[in-house]
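Last residue of the sequence shown: number 154 in numbering that gives the first Met the number 0, and the count goes up by one each step with no gaps. Glycine included, every Cβ here is placed at the ideal spot set by N, Cα and C.
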Amino acid sequence: MSAEPAALEVRFEALTPQRLDVVLATEQQAYAHPWSRSHFLDCLRSGYQIQLLLAGETLLGYFVAMLGVDEAHLLNITVAPQHQRQGWAHVMLDALAIWAKGQGAQWLWLEVRVGNLRALQVYEAQGFRRVGERKNYYPAVDGQREGAVVMSRPL
Numbered sequence: 000m001s002a003e004p005a006a007l008e009v010r011f012e013a014l015t016p017q018r019l020d021v022v023l024a025t026e027q028q029a030y031a032h033p034w035s036r037s038h039f040l041d042c043l044r045s046g047y048q049i050q051l052l053l054a055g056e057t058l059l060g061y062f063v064a065m066l067g068v069d070e071a072h073l074l075n076i077t078v079a080p081q082h083q084r085q086g087w088a089h090v091m092l093d094a095l096a097i098w099a100k101g102q103g104a105q106w107l108w109l110e111v112r113v114g115n116l117r118a119l120q121v122y123e124a125q126g127f128r129r130v131g132e133r134k135n136y137y138p139a140v141d142g143q144r145e146g147a148v149v150m151s152r153p154l
């Protein structure tokens with residue numbers, strides 16, 4: 000009989016410049032069109048909410064959100080490819096909702112690629128509803144563009 004491995008503490012931590020390289024590596028593994036270093040640095044300088052989800056020192060995922068008037072806008076949420084399909088996106092979306100509500104937001108907003116069916120299912124399971132579409136919103140292969148579904152959720 001083997002003993003179960005010791006559980007690692009899972010926690011949220013704000014992004015710091017010292018952790019940016021591991022975030023960028025994860026971003027590049029997860030997406031065909033990843034955010035650049037300057038995207039993340041601009042978000043840090045702007046004071047956006049950038050939270051890392053860590054298990055020990057292992058990056059499970061992260062999200063980037065900004066506040067607006069009575070709302071928060073999810074700009075990026077990423078689960079490290081090796082940790083996908085384990086429920087971490089739901090954990091991060093719950094944390095986002097708690098943070099946004101604590102900031103006085105009444106709504107969460109996001110855009111997601113039309114073709115990202117897995118993410119659409121996750122968002123709908125979290126109470127987001129489709130409210131519109133943005134044509135040619137995201138870069139795609141061979142210089143093409145892909146539309147985005149606009150979704151919102153009341154808090």
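3-residue-minimum beta strand (DSSP E) runs that sit fully inside the region 75-101, ordered along the chain: none
Backbone CA spacing between Phe62 and Val21 [nearest angstrom]: 14 Å
Helix, strand or coil at Pro110 according to DSSP, with G and I counted as helix: Residue identity differs from the one stated: residue 110 is Glu in this sequence, not Pro. Note: Glu110 maps to strand in three-state DSSP.
The alpha helix (DSSP H) enclosing Ala31, as first and last residue numbers: Where Ala31 is concerned, there is no enclosing alpha helix (DSSP H), given that its DSSP letter is neither H nor E.
Alpha helix (DSSP H) segment containing Ala118, residue limits: Leu116 to Ala124
Sub-8 Å separation of Gln105 and Pro138 beta-carbons: no
Under 8 Å between C-beta atoms of Ala147 and Glu132: yes
Option nearest Gln81 by Cα separation, candidates Ser151, Ala124, Ala54 and Arg44: Ala54
Own chain, CB closer than 6 Å to Asp141, minus 5 neighbours either side, in chain order: none
Outcome for Thr25 when other beta-carbon atoms lying within 10 angstroms are tallied against a minimum of 16: buried
Of the listed residues Leu7, Leu43 and Arg84, nearest to Ser57 (C-alpha basis): Reading the sequence as shown, one finds Thr at residue 57 and not Ser. Out of Leu7, Leu43 and Arg84, Leu7 has the C-alpha closest to the C-alpha of Thr57.
Boundaries of the beta strand (DSSP E) in which Gly146 is found, first to last residue: Arg144 to Pro153
Exposure label - Pro4; buried when at least 16 CB within 10 Å: Residue placement at Pro4 is flagged as unreliable, the pLDDT there being 43, under the threshold of 50; a coordinate-derived value is accordingly withheld.
7 Å Cβ shell around Arg112 - same chain, five flanking residues per side excluded: Tyr137, Glu145 and Ala147
Straight-line gap, Glu176 to Leu95 (C-alpha atoms, nearest Å): Residue 176 is absent from the structure shown; the chain starts at 0 and stops at 154.
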